[in-house]
Structure formats: structure tokens, C-alpha cells
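Final position of the sequence shown in this note's numbering is 210; the numbers increase by one with none missing. Note that CB positions come from ideal geometry on N, CA and C, so glycine has one too.
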Amino acid sequence: MYHYFTVDREPTQVMQQLLSLVKNKPYFVVTSNIDSHFINSGFDPNAIFEIEGNCRFMQCETACHVTLYDAEQKLLAFYAKQENGSIPTKLVPKCPKCGGNMKLNIEVDSHFVKGATWQENNQKYRTFLDQAKNKQKKIVLLELGVGLRNVLIKQPFMNFTYYNSNVCYITFNKGEIYVPIEIDSQSIALDGDIGQSLSEIVGLNGC
């Protein structure tokens with residue numbers, strides 16, 4: 004999966020279109036993607052918060068300490084040696100502190116390590132929103148393909164819209180559109196293909 008999603012993967016048309024819409028404006032990306040696609044597509048690395056981690060890094064399976072380790076070479080070694088979805092047991096990395104197994108730094112359980120980079124990017128995201136809010140700038144929250152039950156991105160976006168009259172909340176999602184009545188007048192909901200919708204918006208903006 005790592006090889007498929009990250010190695011020699013060209014930026015998609017959707018990513019290129021999205022970048023063309025925001026590149027000349029102040030922006031910040033908060034994403035549940037765990038594959039560096041925004042960075043690889045040319046977005047500013049200092050304006051990206053991967054809220055559920057990144058598959059390029061690994062941590063102790065039981066989070067016995069909070070250091071993260073680059074996993075790329077390990078993952079590529081897995082890819083080279085895998086057969087029918089299995090790899091030699093000896094390739095499974097061990098924690099340098101407790102000797103237990105290592106795992107990818109992705110939020111799938113309570114042992115997810117929110118390391119120094121996670122904390123720093125979280126603070127950058129909060130600061131970006133606070134500065135925009137305090138200056139009463141017009142803010143667009145552009146939400147792409149976030150599920151109805153998401154509490155890490157969708158719920159905070161809707162709450163932020165409710166408490167700030169200068170915010171426009173735009174949600175793209177095929178077959179899963181929900182906008183609370185309390186923010187209906189500040190919201191735009193687009194049910195359909197994200198790529199097609201972005202193409203139309205890019206065309207209207209002359210990007």
C-alpha cells in the first residue's frame with residue numbers, strides 16, 4: 004500500500020486544481036490523509052496538518068516513548084520481500100526502547116503518538132484560524148470528502164462556522180451531504196464528483 008500510494012505517484016488533477024485555487028491566498032490544510040499527497044503536490048509543508056499521522060513514520064506499538072522514526076526504507080524493504088501479502092518475520096522492526104514491535108504512526112487506537120511535529124502543526128493550524136478570526140477576514144472552510152461521522156474535521160468546521168459570521172462553509176461529498184440548519188445560510192453543499200466540481204470552479208476563476 005505504501006508503494007502504491009507514495010512511490011513515483013504523480014499529483015492528481017484534483018490536487019492540481021485545488022492548489023491552483025488557493026496558492027495565491029493565505030491557506031492551511033488539515034487532512035485525515037496519511038500519505039503526504041498534499042506535500043508531494045506542491046502545497047506548503049508549513050501549512051499542512053496531517054491530523055491522523057503519516058504512514059512514512061513509525062512508532063512503538065505500545066507508545067512506550069514518543070519518538071517517531073522514518074519508516075520509508077523499512078516499508079520499501081517489505082515491498083521487495085512481500086509474497087501474497089506476507090513478509091519474513093525478521094523484517095518486522097523492533098522498538099529500540101522496549102523491544103516490542105513497531106507500527107506505523109497512524110491513529111487507529113489509543114497508542115497513537117502525537118509527536119513534536121504533530122503538536123507543532125496543530126498549533127500552526129489553531130494560530131492560522133485565530134489570526135483570521137481576529138482580523139475579521141473572510142474565511143472559506145473547504146471540506147472535501149469528509150464522512151458524516153467525522154469528529155476531527157467536519158464537526159470543528161461546523162462549530163467554527165456557527166460561532167463566526169465571516170465564515171463560509173463549503174462541503175463536497177458524493178452521497179453524504181449534511182449541513183445543520185443553524186449554519187445553512189453560511190453554507191454551500193455540493194453532492195457529486197469532487198474532480199468535476201473543482202474543474203468547474205477553476206474554470207470560473209480563470210485559474
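- Assigned with DSSP and collapsed to three states, Ala135 falls in helix.
- An exposed status is given to Gly88, since fewer than 16 other beta-carbon atoms sit within 10 Å of its beta-carbon.
- Of the residues Asn27, Pro29, Glu53 and Asn49, the one whose Cα lies closest to the Cα of Asp38 is Glu53.
- Bounds of the beta strand (DSSP E) holding Val143 are Ile142 to Leu147.
- With a contact defined as Cβ atoms closer than 8 Å, Ala192 and Ile204 miss out at about 14 Å.
- The beta carbon of Phe60 is closer than 6 Å to those of Leu71, Ala74 and Asn108 in its chain, skipping five residues each way along the sequence.
- Beta bridge pairing from DSSP links Gly56 with Ile109.
- DSSP, reduced to helix, strand and coil, places Val170 within a strand of the structure shown.
- Excluding the 5 residues flanking it on each side, Lys106 has same chain C-beta neighbours closer than 7 Å at Met61, Gln62 and Glu64, in chain order.
- Beta-bridge partners assigned by DSSP to Ile191: Ile173.
- In this structure, Ser35 lies near Ile156, with their beta-carbon atoms less than 8 Å apart.
- Under the 8 Å Cβ criterion, the stretch 115 to 130 does not count as touching the stretch 75 to 82, having fewer than three qualifying pairs.
- Taking the C-beta atoms as reference points, Ile142 is found nearer than 8 Å to Asn169.
- Around the beta-carbon of Ile51, 16 or more other beta-carbon atoms lie within 10 Å, marking it buried.
- Of the candidates Cys67, Trp121, Gln139 and Lys93, the residue whose Cα lies closest to the Cα of Pro48 is Trp121.
- The continuous alpha helix (DSSP H) containing Val17 extends over residues Gln16 to Val25.
- Contact check for Ile186 against Gly148 fails: the beta carbons are separated by 8 Å or more.
- Listed as beta-bridge partners of Glu86 by DSSP are Ser89.
- Secondary structure note for Thr34: it is in no alpha helix (DSSP H), and the uninterrupted beta strand (DSSP E) holding it is Val32 to Thr34.
- Contact between Gln189 and Tyr166 is absent: CB atoms are separated by about 11 Å, not below the 8 Å threshold.
- By DSSP's assignment, Asn104 forms a beta bridge with Lys97.
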